[in-house]
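Undergrad:
Residue numbers (the working numbering): 2 to 133.
#1: By DSSP, does residue 81 sit in helix, in strand, or in coil?
#2: Is it buried or exposed for residue 103, if we count other Cβ within 10 angstroms and need 16 for buried?
#3: Between which two residues does the beta strand (DSSP E) containing residue 34 stretch?
#4: For residue 25, does the count of other Cβ atoms within 10 angstroms reach 16, so buried, or fall short, so exposed?
#5: Note down the Cα distance separating residue 108 from residue 60, rounded to an integer number of angstroms.
#6: Look at residue 47 and residue 93 and say whether their C-beta atoms are less than 8 Å apart.
#7: Do the CB positions of residue 117 and residue 80 come within less than 8 Å of each other?
#8: By the three-class DSSP mapping on this structure, what secondary structure does residue 120 have?
#9: Could you tell me which of 75, 83, 35, 113 sits nearest to residue 51, measuring between CA atoms?
#10: With the cut-off set at 8 Å, would you say residue 129 and residue 35 are in Cβ contact?
Here it is, written out as structure tokens:
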């Protein structure tokens, strides 16, 4: 009788146990990687979350043509929660290209029309991919 009772309890708790890894995964902080696939360097501004609704605006970053880099501020690598979207605005330094959106976010006293970026992961990093 005890074995049947334990089996029923284990069966009842299995959905909770199965949901736990997904919940834990949603809390992960990932470094922010920017990939510039354009033939021009790019200036970039971001508004990212490294905690629950804990937003941080940063910019501007200069990303060289055909380069990839992890974003850093004051020598510290920036991280993004995978259960939050990130916002970014970018423009080519030659003025011919702009990556913008409809979300006005403030960075360094400027309101920028930012684009919303959902979690795109590559090698454990949250990726912003800029293509021409």
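Note that the Cβ used here is the ideal one computed from N, Cα and C, for glycine as well.
Source: prediction; values computed, not measured.
TA: Looking at the coordinates:
#1: Residue mapping note: residue 81 aligns to position 80 of the chain shown, counting from 1. Looking at residue 81 - three-state DSSP - the assignment turns out to be strand.
#2: Residue numbering aside, residue 103 sits at position 102 when the chain shown is read from its first letter. So residue 103 counts as exposed.
#3: As a working mapping, residue 34 is identified with position 33 in the chain shown. Element bounds for residue 34: 30 to 37.
#4: Numbered from 1 along the chain shown, position 24 holds the residue referred to as residue 25. Because the pLDDT at residue 25 is just 46, under 50, the model does not fix this residue reliably, and the value given afterwards should be weighed accordingly. The residue in question, residue 25, is exposed, as its Cβ has fewer than 16 Cβ neighbours within 10 Å.
#5: Reading the chain shown from its first residue, position 107 is the one you call residue 108. Reading the chain shown from its first residue, position 59 is the one you call residue 60. Going by the C-alpha atoms only, they are around 7 Å apart.
#6: In the chain shown, counting from the first residue as 1, residue 47 sits at position 46. In the chain shown, counting from the first residue as 1, residue 93 sits at position 92. No, Cβ-Cβ distance for residue 47 and residue 93 is not below 8 Å.
#7: Counting from 1 along the chain shown, the entry for residue 117 is found at position 116. Counting from 1 along the chain shown, the entry for residue 80 is found at position 79. Going by C-beta atoms, residue 117 is not nearer than 8 Å to residue 80.
#8: For this step, residue 120 is matched to residue 119 along the chain shown. Here residue 120 sits in coil by DSSP.
#9: Position 50 of the chain shown holds residue 51. Among 75, 83, 35, 113, the Cα nearest to that of residue 51 belongs to 83.
#10: Counting from 1 along the chain shown, the entry for residue 129 is found at position 128. Counting from 1 along the chain shown, the entry for residue 35 is found at position 34. Yes, the pair counts as a contact, with Cβ atoms nearer than the cut-off.
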